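Colleague: Using the working numbering, read the sequence shown as starting at 0 and increasing by one per residue. All C-beta atoms in this analysis are idealised placements derived from N, C-alpha and C, irrespective of residue type, glycine included. Keep in mind that this is a model prediction, so the values were computed, not measured. Once you've had a glance at the structure underneath, I'll fire off some questions.
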Amino acid sequence: MKENSVGAFSRPHGDIARWHIVLAFTSAIYLYLNLFSSLRFPFLLSGDQIYFWMGAQRIVGGQAIYRDFFQCTPPGTDLVYAACFKVFGETIWVTNAVALVLGVLSACLCFSLARQLMKNAPAMLATALFLVLIYGKFLNATHHWFAVLLIFLAVRVSMERLSIGRMAWSGALLGLASFFNHVHAAAALFAFVIYLLLSGVRKHEERVHMAKSAAALILTFGAVALCLYAHYLGTVGFERLWFCLVQAVSRYAAETPWSFGLPGRLGWRLSPDCCRIWLFTSFCHWSTRLPSGNAGACAATCSFPGTRPRSSV
């Protein structure tokens, strides 16, 4: 059973391609001006990404993650930096280039998602707000952004229809995201399953179809994640991997397991962030009932910066 597209704004493929080309070019120029003083002189960025490219230097030097040095995050980000160092050399220019490419890809995917809810101009505004106020404010190419990019892509794949095949692709992308940030990937998988169940109940779909879609999502997620972690399960063992990725984080890094991903303990100080999320979801639900389907105001709500990714999980 197929579900109609979420987006109500269809455009010719040529027009869409031109918007993406313009967005990619302008995003690259904006990020370049913030990452390089010239082609030969990059800026040295601070932030948590330093831990990852330092780990990548160790990997290039012959050390093994989790065995020769401690890391409380999945190995995906370290391996990306290590591969880039292998190809282009161990320079700051390479780390800034990774941040630039990651930002351009995230902006293009943000625009593609926004187009499913609004017209091209408001979608471009939402992307610009995301690029400048959220990604460009920190310019920190950590495991958070790699995982979020893959989760965005999983959402985009299943946004047009909830077929079993698309659920399988989304599950594979979420499994790949777990190789960068297992917490984000698990939360996204849980959200996908809940949405499948609620959507099936609302549309009175057959339980067999709902079960097949959920099974395709979960099984492909598990298969991809198992394949990616198989090497480390064989070399360092399950206990060591569990300690580094789960126990060490919950004991020494995370403030509380009940923060639900918000930047701090649940309390009155987080009320603005919670209200912003509630208003965004409520408005998007209301806007789908409008004849025009224009959700332009979602751009400012979705892209307004209020939370910073946690550096410990």
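1) When DSSP labels each residue in this structure, what does P73 get in the three-state scheme?
2) Using only the alpha-carbon positions, how far apart do R17 and L128 sit?
3) Going by DSSP, which residues form a beta bridge with P41?
4) Going by CA-CA distance only, name the one from A106, Q115, A63 and A55 that's closest to V86.
5) Looking at F40: is its Cβ nearer than 7 Å to the Cβ of Y80?
6) For F178, which of helix, strand or coil comes out of DSSP?
7) Just curious, the alpha helix (DSSP H) that E238 is in, first and last residue?
8) Contact defined as beta carbons within less than 8 Å: I believe F137 pairs with M123. What is the distance between those atoms, to the nearest angstrom?
9) By alpha-carbon positions, which one of A167, P121 and V103 ends up nearest to L148?
10) Leaving out the 5 sequence neighbours to the left and right, which residues in its chain are closer than 7 Å to W92 when beta-carbon positions are compared?
11) Count the other C-beta atoms from every protein chain shown that fall within 10 angstroms of the C-beta of V154, then say buried if there are 16 or more, exposed otherwise.
12) In whole angstroms, what is the alpha-carbon distance linking L188 and I217?
13) Residues bridged to F68 by DSSP?
14) Beta-carbon within less than 7 Å of E2's beta-carbon, same chain only, minus the 5 sequence neighbours each way: which residues are those?
15) If you draw a straight line from the C-alpha of A186 to the C-alpha of R239, how long is it?
16) With a CB to CB cut of under 7 Å and the five nearest residues on each side skipped, what residues in its chain are close to T76?
17) Express the C-alpha separation of G60 and V223 in angstroms, rounding to a whole number.
18) Note down the Cα distance separating V182 from T126, rounded to an integer number of angstroms.
19) Would DSSP call H203 helix, strand or coil?
Modeller: Looking at the coordinates:
1) Here residue 73 refers to the residue found at position 74 when the sequence shown is read from its first residue. Coil.
2) As a first step, residue 17 is located in the sequence shown; it is residue number 18 there, counting from the start. As a first step, residue 128 is located in the sequence shown; it is residue number 129 there, counting from the start. If you take the alpha carbons of R17 and L128, they lie about 20 Å apart.
3) Along the sequence shown, one-based indexing puts residue 41 at 42. Paired residue(s): F35.
4) Mapped onto the sequence shown, residue 86 falls at position 87. For the residues A106, Q115, A63 and A55, the minimum Cα distance to V86 belongs to A55.
5) Here residue 40 refers to the residue found at position 41 when the sequence shown is read from its first residue. Here residue 80 refers to the residue found at position 81 when the sequence shown is read from its first residue. No. Outside cutoff.
6) For the purposes of this step, residue 178 is taken as the residue at position 179 of the sequence shown. Coil at F178, not helix or strand.
7) Along the sequence shown, read from residue 1 onward, the residue named residue 238 stands at position 239. Here the alpha helix (DSSP H) through E238 covers F237 to W241.
8) Your numbering for residue 137 matches position 138 in the sequence shown. Your numbering for residue 123 matches position 124 in the sequence shown. Incorrect: roughly 22 Å between the Cβ atoms, too far for contact.
9) Position 149 of the sequence shown, counted from the start, is the residue given in the question as residue 148. Of the candidates A167, P121 and V103, the one whose C-alpha sits nearest the C-alpha of L148 is V103.
10) Start at 1 with the first residue of the sequence shown, and residue 92 comes out as number 93. The answer, listed in chain order, is P41.
11) In the sequence shown, residue 154 corresponds to position 155, counting from 1. V154 should be labelled buried.
12) Residue 188 sits at position 189 when you count from the first residue of the sequence shown. Residue 217 sits at position 218 when you count from the first residue of the sequence shown. Near 8 Å, if we compare the C-alpha coordinates of I217 and L188.
13) Reading the sequence shown from its first residue, position 69 is the one you call residue 68. In DSSP, F68 forms a bridge with I64.
14) For this step, residue 2 is matched to residue 3 along the sequence shown. Because E2 carries a pLDDT of 47, less than 50, the predicted location of this residue cannot be relied on, and no value is offered for it.
15) In the sequence shown, residue 186 corresponds to position 187, counting from 1. In the sequence shown, residue 239 corresponds to position 240, counting from 1. Roughly 23 Å separates the two Cα atoms.
16) Within the sequence shown, numbered from 1, the residue matching residue 76 stands at position 77. Excluding positions up to five away in sequence, the list reads F51, T141, H142, F145 and F179.
17) Here residue 223 corresponds to residue number 224 of the sequence shown, with the count starting at 1. Here residue 60 corresponds to residue number 61 of the sequence shown, with the count starting at 1. The straight-line gap from Cα to Cα measures roughly 28 Å.
18) As a first step, residue 182 is located in the sequence shown; it is residue number 183 there, counting from the start. As a first step, residue 126 is located in the sequence shown; it is residue number 127 there, counting from the start. Going by the C-alpha atoms only, they are around 25 Å apart.
19) Taking the sequence shown and counting its residues from 1, one reaches residue 203 at position 204. Reduced to three states, the DSSP call for H203 is coil.
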